[in-house]
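See below:
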């Protein structure tokens, strides 16, 4: 069921665009059922997970590489899944009233939102590190699309690119760390790696793996100094900020740190790096928040601050692995409980505050604190939401934020009673930083509320008359902020249902769940934590009333700060340097590009042959050479040698085609009918494409001049020929492995149900290759379409005054031959019938989807030559780009369909069935995959033909 939970958002995202048929219904109504239904399902899992029982599902994917779709639902992943789906439901509801439905791209918004939701669920449920990484990067892509939703704004594009570059950089580092873990343990499973954690700390790769994984976590959760992307990401629509940048995406790094703690907490470096990075981020973010004049910027830095707080608690809580005494375990377990509790509280109050800021912007037209004020009387409900959310963020009673903040103080104060990793008096720094940052947190919380809603209204500075928002817009933040009161009233109920299972899952099996259980109360007596809170309030009120008088606490300095200037300078340097380096070799000369590629080929392969020990050239056991082979090779060589000396492109094409058809004949002699058929049709289609390309080419110089001899061409061509020949001989004489051909011959029918070994290899054994090949073909055809339609201007052949030369007009691709037109009607039917035979017979006889598709395309080309492109378009009304997409979709869905049956990706099956009329018939799922190949190749070839001809 867990894989279905992840799959549903992706499938639903594909269905949202179909809402175009219901233009009067807001697309949000199509998206809303998904998070709501998933949230309801996950809530039903609470009793099971609360007992400490985890739900696990494994779907084989690439077991040979140790990569499977392994999903685990435990207390920690369940908490995140509930946040993703629960707040996702409220955000979808809020967005319907905030964004309206008249935007042309509003459906795209919900597609991106559902993609992000599915990716986040994949991150928190994945047990396999490679699968987690795939979903991790997908969240970066989806967030890029959401941040850049208003892509016409330069700041939106800048913020989206910045967030993607920084988080993807961290993701790549994390990917390297995951592979180092695999190198140490031999597995990608988080649970299996955690079971081997005791033996990892002494390995040389342990610390590099830790640093790389933390880079991924810190960049995603906007920890200092990688926080700079988050304020610029506030250019996203407010629902996006409320969802991604307060409750989900920015917490993915926190999730990862907690999940990897059982693996890395055995090293003292983990405790210090995570704790100090969190505290520095907490202090820096809270200080910067005070200096903001834009409400969303203030919330952005406050989010950075709160993320630092939670990160520091996770770092302190990781020290539990250094102790065995119950009292000590309980202390550091308290830090983890505080982290989990504050993570929940932060999602509640920060999500509601982002929605409040959206309402203020929506109803007044501005987020500038210098233009706001006095909204309390005009927007009383919004003010109450902001008051509760801000006071909870500041850690004031009677809200749940006070409880988690007190637990934060307790963890920081009591940690100095223990000698953690020989820290001595250095641990005094932790509670001091925590207290100072909490003072700043109090100040920016008061600024948010009272600078916006208090004082006098400045109607003359507002873009629209302010008024209270609609009930639909208020519903989501009211429900969300109400949880700050509910959780405060029943904190131990929340602890029993969510916090304790999450903490137990974080610490793993090495820590008893009862030992780290914490009882949450408002009153614990006159403790140091309470005095710290009183000090926060007193100093916070004083600073709030006077902070504008202090230069260090006044408004933001003009210009970008140092870290942003560093980022912009590095990006500019990279772009300019890359442009200069590229200009050195990207000269526009296709000949030079080929020389670069071929010389690299010669150097790489030739160097490998020269410097690799034990390379032998296989010169034995050749079959006898017949006269026919000698004759065909002689003709082929003569045709190839004539190409450089051809005086016209038509002759060059004919010589090239002759060489290709000789290769076809060689395949026939060597009894390779599949290859012969493919080669023959490819040569036929290639000739047509060459002729069509004439109109884009200048005149051939040697049509009027004596061809110049180029020594460079001779050297490169000879080098490539010699190198490839030597590689072929070395492969025959130096391979340390037995030929794999025997395996294919023996197993093609037993495992894949096909007697045609070539086709079985294409659709089964090497199906991945075929899948990627048709994807490459599809991308190439779209690239040709884009280049021709956007970058090349041609002159219509029938326009007066146009060039009369066939080289300028292109090959006409239409014949006036009556005999050809008459014969083509019959020939086309024969070719298409034969192509269908090749398609259906290909699994056991020569043929297959690829060959059949080329045969069908050649039939369509024959019709085009006989009757013209316009006739083909009128008779066969097919969008060939769409046909390519359909073919790719069928191939991918067939490949992924094996997941339903618990088999790896692209697994095929076959069986015998008794069908009416046909009798006993063998059917294989590979036929469906082959159908996708067939449609994709037909679409690719015809899209290229129509595009180059200028008819599409």
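Numbering (UniProt numbering), first residue to last: 1 to 952.
Yeah, the Cβ is synthetic: ideal placement off N, Cα and C, and Gly gets one too.
Check	Outcome
Residue 184, enclosing beta strand (DSSP E) - first and last residue	Careful: residue 184 lies outside any beta strand (DSSP E), inside the alpha helix (DSSP H) at 154 to 185.
Length of the line joining the Cα atoms of residue 892 and residue 929	8 Å
Inter-residue Cα distance where the pair is residue 402 and residue 530	10 Å
Buried or exposed (CB count within 10 angstroms, at least 16 for buried), residue 736	exposed
Proximity of residue 228 and residue 166 at Cβ, strictly below 9 Å	yes
Boundaries (first-last residue) of the beta strand (DSSP E) holding residue 70	67 to 73
Span separating the alpha-carbon of residue 61 from that of residue 69	6 Å
One or two residues paired with residue 59 in a DSSP bridge	69
Distance cut-off 8 Å: residue 144 Cβ against heavy atoms of the ligand MN	This structure simply doesn't include the ligand MN, nor any ligand for that matter.
Beta-carbon proximity of residue 660 to residue 679, cut-off 9 Å	yes
Same chain, Cβ closer than 6 Å to residue 19, neighbours up to 5 away in sequence not counted	27 and 30
Reference residue 385; option with closest CA among 414, 301 and 485	485
Per DSSP, the bridge partner or partners of residue 126	71
Opposing strand residues paired with residue 910 [DSSP bridges]	924
Euclidean distance between Cα positions of residue 907 and residue 763	10 Å
Per-residue burial, residue 641 [other beta carbons within 10 Å of its own, 16 or more giving buried]	exposed
Exposed unless 16 or more other CB atoms sit within 10 angstroms - verdict on residue 854	buried
CA nearest to the CA of residue 689, picked from 59, 338, 865 and 576	865
Residue 298 versus residue 413 - alpha carbon distance	28 Å
Residues that residue 404 bridges to, as DSSP identifies them	None, per the DSSP bridge assignment.
Buried/exposed call for residue 223, threshold 16 Cβ in 10 Å	buried
Collapsed DSSP secondary structure at residue 368 in the structure displayed	strand
Classification of residue 456 by the beta-carbon crowding that lies within 10 angstroms, buried from 16 upward	exposed
Simplified DSSP assignment, three categories, for residue 189	strand
Member of 73, 493 and 35 whose CA lies at the smallest distance from the CA of residue 341	493
Close beta carbons around residue 405, own chain, < 6 Å, minus the five adjacent residues each side	395
Segment contact flag, the stretch 152 to 163 with the stretch 172 to 183, C-beta cutoff 8 Å, min 3 pairs	no
Where residue 870 falls: helix, strand or coil (DSSP)	helix
Residue 2 classed as buried or exposed, judged by whether at least 16 other C-beta atoms fall within 10 angstroms	buried
Status (buried if at least 16 other CB within 10 Å, exposed otherwise) for residue 728	exposed
Backbone secondary structure at residue 561 - three-state DSSP	coil
Contact under 9 Å by Cβ, residue 283 with residue 437	yes
At least 3 beta-carbon pairs within less than 8 Å: the stretch 757 to 774 vs the stretch 846 to 860	yes
Cβ-based neighbour list, residue 130, same chain, cut-off 6 Å, excluding 5 preceding and 5 following	67 and 188
Straight-line gap, residue 614 to residue 715 (C-alpha atoms, nearest Å)	28 Å
Bounding residues of the alpha helix (DSSP H) (the contiguous stretch that carries residue 662)	649 to 669
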